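Here our numbering is used: position 53 in the sequence shown is 404, and no number is missing along the way.
Yeah, the Cβ is synthetic: ideal placement off N, Cα and C, and Gly gets one too.
Bear in mind that the values here come from a model prediction, so they are computed numbers and not experimental data.
Before any comments, here is the structure.
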Amino acid sequence: MNTHELWQSTLGELELKLSKAHFTTWFRNTFIIEYSPEKIIIGVPNTFTKTWLEKKYHKDIVEALHKITDITTRNLIFKVENKPTEPTQINFEKPNPAQQVPIAQQVSQTETIQQDHEDNTDEYYGFTTTEDRVQQTYSNAINANYTFSNFIVGKQNELAHAAAQAIASQPGTSYNPLFIYGGVGLGKTHLLHSVGNEIISQNPQARVLYVTCEQFTNDFIHAVRGGKAKEFKDRYRNVDLLLIDDIQFITGKEGTQEEFFHTFNALHQANKQIMISSDRPPKSIASLEKRLLSRLEWGMLVDVGAPDLETRIAILQIKCQKRQQDISREILHYIADSIQSNVRELEGALNKIIAFHQFKNMEPTIESCKELIQGYETAPTKKTVSPKYLIEVVSDYFSIKPEDMLGKSREKRLAFPRQIAMYLLREEIKNSYPAIGEELGGRDHTTAMHAYTKISLLQEEDEQLKEDLANIKQKLYS
Ligand code: ADP
Ligand code: MG
Numbered sequence: 352m353n354t355h356e357l358w359q360s361t362l363g364e365l366e367l368k369l370s371k372a373h374f375t376t377w378f379r380n381t382f383i384i385e386y387s388p389e390k391i392i393i394g395v396p397n398t399f400t401k402t403w404l405e406k407k408y409h410k411d412i413v414e415a416l417h418k419i420t421d422i423t424t425r426n427l428i429f430k431v432e433n434k435p436t437e438p439t440q441i442n443f444e445k446p447n448p449a450q451q452v453p454i455a456q457q458v459s460q461t462e463t464i465q466q467d468h469e470d471n472t473d474e475y476y477g478f479t480t481t482e483d484r485v486q487q488t489y490s491n492a493i494n495a496n497y498t499f500s501n502f503i504v505g506k507q508n509e510l511a512h513a514a515a516q517a518i519a520s521q522p523g524t525s526y527n528p529l530f531i532y533g534g535v536g537l538g539k540t541h542l543l544h545s546v547g548n549e550i551i552s553q554n555p556q557a558r559v560l561y562v563t564c565e566q567f568t569n570d571f572i573h574a575v576r577g578g579k580a581k582e583f584k585d586r587y588r589n590v591d592l593l594l595i596d597d598i599q600f601i602t603g604k605e606g607t608q609e610e611f612f613h614t615f616n617a618l619h620q621a622n623k624q625i626m627i628s629s630d631r632p633p634k635s636i637a638s639l640e641k642r643l644l645s646r647l648e649w650g651m652l653v654d655v656g657a658p659d660l661e662t663r664i665a666i667l668q669i670k671c672q673k674r675q676q677d678i679s680r681e682i683l684h685y686i687a688d689s690i691q692s693n694v695r696e697l698e699g700a701l702n703k704i705i706a707f708h709q710f711k712n713m714e715p716t717i718e719s720c721k722e723l724i725q726g727y728e729t730a731p732t733k734k735t736v737s738p739k740y741l742i743e744v745v746s747d748y749f750s751i752k753p754e755d756m757l758g759k760s761r762e763k764r765l766a767f768p769r770q771i772a773m774y775l776l777r778e779e780i781k782n783s784y785p786a787i788g789e790e791l792g793g794r795d796h797t798t799a800m801h802a803y804t805k806i807s808l809l810q811e812e813d814e815q816l817k818e819d820l821a822n823i824k825q826k827l828y829s
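Here it is as structure tokens:
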């Protein structure tokens, strides 16, 4: 085995463990520079990655390497290095695990994409800057209220926050574009403006342009209709930072996509920072042109999730502070507990509570808040699912009849979905093993136990199964 093969196998292990976004973000363009059982030097593309790998992934890497080599090497040294080192031979006998094949393919795909970038963008090298006639229209749209200092960092947004800070401190060099995606009201727009504000505070002359995808589209359509294509180009291609919010609305707009593609290339070429938000990852934006998709995936893709309780309370606290409101932690806790999945609603509820109590000139209490919050209660109460329905969904997913799932046949075609149903009855509905056996055609509880253990273990290594389970769960609750 050589160092390259060792690293590919290690990446294979890590890929199974991490989310796709994290894996690609942190492990793309990494390699082993030097290997010995006592010390491994790993090449990384920039200091930002170096810090993250040191801080967050040390243990995972040690474990993954251990799986491949049977050797525990804790001394990992990360070194910023752009060019992969020539592989060197390692002398220990250990067969390559089969998983390394897909990862190798993935790496080579990325390489072709980069190649494709160099080929296609030549024609845009020649773009020249013009005078600052539109300077005053640039930073206007940046909302001064959305800054890093009033953005609360929790587990679900720390990566997005760190990446946003990284591009704000070194625009155009670390991650370009930075693509942040996630559900409504989770702070994406806030982060876009934070980067804008930070860059303006460092350099008030910086040309920072924030637009929603819709504004971009409209600007473009007006420019084309009014014969103002040049003005449009001057406006969008001469910025230092372009922030595009809610890019998902570009779906189906071919002309806009084409124009955005060229804008993107021009800015990227000139090392100008681009930051984009979306409610979904680029791959899930319907009818997105391939070449644009590949651009969006070039830099860093990072998701934001719903904040946990502590983060929600902290968000409420900071919003209260801003409005100079003193509301007890008990009440904030209560609000944060009632509204779980959307910060915008959380804030809406808080505003309503503040307004109501100011108007009535009284102190908020849990009781008085309860009523006000009622309309908001969006805590994601999982739809309750009956065992019968679960069995139907699983059989439907595998295109078999529910009766067959309950029947005696042990054919693999039926036995596997049956085991999945058993697993889900335990995992999702928390049925007892005897009850599960009963549901599935009067089987013994040990059969249910066996199925549960089997599927639990299997899904750790079987990507297909993982995906099946995720799909089934989605069907179950939608
Ligand atoms: P999105 O663009 O993801 O739909 P926004 O950025 O508009 O969400 O956020 C909605 C509201 O919630 C904004 O007022 C924003 O300030 C607030 N918010 C969201 N996340 C945070 C956070 N982590 N810290 C502070 N405020 C937040
Ligand atoms: Mg938004």
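In the three-state scheme derived from DSSP, where H, G and I count as helix and E and B as strand, Thr797 is classed as helix.
Given a length threshold of 4 residues, each whole run of the alpha helix (DSSP H) inside the region 490-578 is given here in chain order: 509-520, 539-553, 564-576. When beta bridges are read from the DSSP output, Tyr386 appears opposite Ile391. Rounded to whole angstroms, Phe567 and Glu696 show a C-alpha spacing of 27 angstroms.
Around the ligand MG, the residues whose beta-carbon falls short of 7 angstroms from at least one of its heavy atoms are Lys539, Thr540, Asp596, Asp597, Ser628, given in chain order. Straight-line measurement puts the Cα of His801 at about 40 angstroms from the Cα of Trp403.
Judged by pairs of C-beta atoms under 8 angstroms, the region 738-747 does not touch the region 710-728, as fewer than three such pairs exist. In terms of Cα proximity to Ser635, the closest of Ser520, Thr524, Glu648, Leu757 is Glu648. Here Asn589 is buried. Its C-beta has 16 or more other C-beta atoms within 10 Å.
By a beta-carbon distance limit of 8 angstroms, Gln599 does not contact Ser645. Their separation comes to about 17 angstroms. Where Lys430 is concerned, there is no enclosing alpha helix (DSSP H), although the beta strand (DSSP E) around it starts and stops at 427-431. Of the other Cβ atoms in all chains shown, fewer than 16 fall within 10 Å of the Cβ of Phe710; this residue is therefore exposed. In this structure, Ala515 lies near Leu529, with their beta-carbon atoms less than 8 angstroms apart.
With a contact defined as Cβ atoms closer than 8 angstroms, Ala687 and Leu660 qualify at about 6 angstroms. At least one heavy atom of the ligand ADP lies closer than 7 angstroms to the C-beta of Tyr497. The ligand ADP never approaches Val653 closely enough for any of its heavy atoms to be under 7 angstroms from the residue's Cβ.
Distances taken from the Cβ of Phe600 to the heavy atoms of the ligand ADP include none shorter than 7 angstroms. Around Met773, the same chain offers Ile787, Leu791, Ala799, Ala802, Tyr803 as residues with beta carbons nearer than 7 angstroms, after the five sequence neighbours per side are excluded.
Rounded to whole angstroms, the separation of the alpha carbons of Asn622 and Thr524 is 7 angstroms. A distance below 7 angstroms between beta-carbons, with the five flanking residues on each side excluded, links Gln810 to the following residues of its chain, in chain order: Leu816, Lys817, Leu820. When C-alpha distances from Thr563 are compared across Gln553, Asp585, Leu593, Tyr784, the shortest belongs to Leu593.
When C-beta atoms of the region 600-607 are compared with those of the region 567-586, three or more pairs fall below 8 angstroms, so the two segments count as touching.
Between Leu639 and Phe611 the beta-carbon gap is near 10 angstroms, outside 8 angstroms, which marks them as no contact.
Taking a C-beta distance under 8 angstroms as the contact criterion, Gly533 and Lys539 qualify as a contact pair. The ligand ADP approaches Val535 closely enough that one of its heavy atoms is under 7 angstroms from the residue's Cβ. For Asn622, the shortest C-beta to heavy atom distance toward the ligand ADP is 7 angstroms or greater. Distance from the Cα of Pro438 is smallest, within the candidate group His355, Met651, Gly394, for His355. For Asn494, the shortest C-beta to heavy atom distance toward the ligand ADP is 7 angstroms or greater.
By the CB criterion at 8 angstroms, Ser679 and Tyr727 fall outside the cutoff.
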